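Okay, so here's the structure we're looking at.
In the working numbering, the protein residues as written are -4 to 185.
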């Protein structure tokens, strides 16, 4: 009887986890494969998930189009910075841009958060965009509940991602073999 109970409980738990994983995968509709980062937000994409709409600009940020006549404040982070679960006008970047002190300086606040990113991915994403954006200020949002753990892993959501370490005064990526089909490889090893 105990074995049957353990089996049924495990099976039910697996069904619940799998159902949640696949039902919440609509967040991935705003992302696509990227060979260096693992995934990135899709430029000029609008996704509605229930009552929440996610919209990205032409370079994939959850912000209005970049205004080259204004200085930029850049928000980096994962799903918290991105604003997972809230509309564009409810994100941290939106509220910062509405702040009278920031608005008075004429700065545009750009949301470069990407769901599931670790700190290494923040860095690599910033590195590839910093020259184009030339931010006056960079705000790093680290959600310590999971960001530090995700930073020490070479995959997230079953998808390969960079794994950066600092060794001998150099930042080294230990996982440079990121494949579009890495999720199949990772899942097959379970």
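Here a beta-carbon is modelled for each residue, glycine too, at the ideal position from N, C-alpha and C.
No experiment lies behind these values; they were computed from the predicted model shown.
Do you know how far the Cα of residue 63 is from the Cα of residue 13?
-> In this predicted model, residue 13 has a pLDDT of only 42, less than 50, meaning its place in the structure is not dependable enough to derive any value.
Start-to-end residues for the beta strand (DSSP E) that takes in residue 60 = Note, residue 60: premise wrong, no beta strand (DSSP E); not H, not E.
Which word fits residue 165, buried or exposed, when buried means at least 16 other C-beta atoms lie within 10 angstroms of its C-beta?
-> exposed
Boundaries (first-last residue) of the alpha helix (DSSP H) holding residue 92 | 87 to 93
Alpha-carbon spacing of residue 104 relative to residue 86, whole angstroms | Approximately 11 Å between the Cα atoms of the pair.
6 Å CB neighbourhood of residue 27 in its chain, flanking five on each side removed = 37
In chain order, what residues of the same chain have a beta carbon less than 8 Å from the beta carbon of residue 54, not counting five sequence neighbours either side?
-> 38, 61, 124, 127
Could you work out which residue in 84, 0, 159, 145 is closest to residue 199 when comparing CA atoms only?
-> Any answer about residue 199 is impossible in this case: the structure gives the chain only from -4 up to 185.
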